[in-house]
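Everything in the sequence shown is counted per the working numbering, starting at 1 for the first residue and increasing by one. Every residue gets a Cβ at the ideal spot worked out from N, C-alpha and C, and that includes glycine. None of these values were measured; they are calculated from a predicted model.
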Amino acid sequence: MLKQFYSEIKLAFLENKLAIYLSFFILIFSLVLGYFLEPYLYSYFHPVVDDLTQKVETGVIQLTFADIFLNNIRIICQMFIYGLLFCLSLVLLAYNGFFVGYYAAIQDNLFRVLAFLVPHGIFEMPSCALACASGLVLFNFLIKFLNSYIRQDLTFKDSITNNLDKLRQACLIFLVAVILMIIAGFVEVYLTTNIANFLLGH
């Protein structure tokens with residue numbers, strides 16, 4: 001059963017590699033732009049950084065596994081659902097990429113920032129990209145469904161059934177994104193600080 005499940009996930013990735021490649025490209029491109037365009041993004045992101053910092057300092061945001069996980073899951077769920085509106089998944093992904101790039105740029109010590117971001121970021125960033133890709137696949141399902149229902153004059157049930165594989169693939173890719181985000185949340189709360197301190201020689 002596990003072998004079949006793995007095969008289905010592998011097939012979902014292979015058949016939707018364009019959506020996955022596009023999502024990773026948008027993420028990396030926005031990260032780089034966010035870093036190098038920091039002066040131009042100051043007016044947009046500085047208030048956001050200040051607000052987050054204040055909420056952490058006042059305890060409004062708790063850096064617990066539950067809080068971090070729920071926040072991150074909310075973001076990737078939005079990327080998945082926004083896929084029904086196509087480009088909104090990409091817009092949300094790009095926004096997060098710009099923000100992380102901007103945040104890294106405003107810090108005094110880039111190595112220190114990377115030490116605190118990379119340990120969980122290697123799971124969190126791919127999770128976001130895959131969540132966006134799953135949203136694009138969901139949009140593809142919607143287009144195929146509407147085409148079957150409207151143009152081919154099939155019943156609602158038959159239109160769903162004929163395109164169920166694409167919906168399942170969207171859900172499988174999103175499931176992988178959720179698993180990666182769970183790992184990212186665990187690493188961020190329990191391991192990132194220790195790894196960063198080790199790398200920084202503290």
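Per-residue DSSP class, three states only, for residue i
i: Met-1; result: coil
i: His-46; result: helix
i: Asn-16; result: coil
i: Thr-64; result: coil
i: Gln-152; result: coil
i: Leu-22; result: helix
i: Gly-34; result: helix
i: Thr-58; result: coil
Host alpha helix (DSSP H) of residue i (start-end)
i: Ile-179; result: 164-190
Top-ranked residue by Cα proximity to residue i, from the options
i: Phe-145; options: Val-176, Met-125 and Lys-166; result: Lys-166
i: Leu-93; options: Ser-23, Leu-164, Leu-11 and Lys-17; result: Ser-23
i: Leu-41; options: Asn-96, Leu-130 and Phe-25; result: Asn-96
i: Tyr-190; options: Ile-26, His-120, Ile-106 and His-46; result: His-120
i: Phe-99; options: Phe-198, Phe-69, Tyr-44 and Ile-195; result: Tyr-44
i: Ile-137; options: Ile-28, Leu-27, Phe-174 and Leu-180; result: Correcting the residue identity first, residue 137 is Val in this sequence and not Ile. Val-137 has its Cα closest to that of Phe-174, out of Ile-28, Leu-27, Phe-174 and Leu-180.
i: Glu-134; options: Leu-200, Ala-177 and Ala-196; result: The sequence shown places Ser at residue 134, rather than the Glu named in the question. It is Ala-177 whose Cα lies nearest to the Cα of Ser-134.
i: Lys-17; options: Thr-161, Val-118, Leu-130 and Thr-192; result: Leu-130
i: Tyr-102; options: Pro-47, Ala-196 and Phe-198; result: Pro-47
i: Asp-108; options: Arg-74, Tyr-35 and Asn-162; result: Tyr-35
i: Ala-104; options: Asn-163, Ile-28, Phe-198 and Glu-38; result: Glu-38
i: Leu-205; options: Leu-84, Glu-188 and Leu-27; result: No information on residue 205 is available, as it lies outside the stretch 1 to 202 that the chain covers here.
i: Leu-180; options: Gly-83, Val-56, Ile-73 and Lys-157; result: Ile-73
i: Phe-80; options: Asn-162, Cys-132 and Asp-158; result: Cys-132
Distance cut-off 8 Å: residue i Cβ against heavy atoms of the ligand SAM
i: Lys-3; result: Annotation note on the ligand SAM: not contained in the displayed structure, which lists no ligands.
Residue i at chain D interface by Cβ criterion, 9 Å
i: Val-113; result: Structure shown: chain D not included; a single protein chain is present.
(request) Could I get the ranges of all uninterrupted alpha helix (DSSP H) runs contained in the stretch 71-145, with 4 residues as the minimum, in chain order? (result) 87-105
(request) Please determine if the stretch 113-125 and the stretch 177-190 are in contact, where contact requires at least 3 C-beta pairs separated by less than 8 Å. (result) Yes: at least three Cβ pairs fall under 8 Å.
(request) Count the CB pairs spanning the stretch 107-116 and the stretch 133-151 that are closer than 8 Å, and state whether there are at least three. (result) no
(message) Quick test of the definition: if touching needs 3 or more C-beta pairs under 8 Å, does the stretch 152-172 touch the stretch 4-13?
(response) yes
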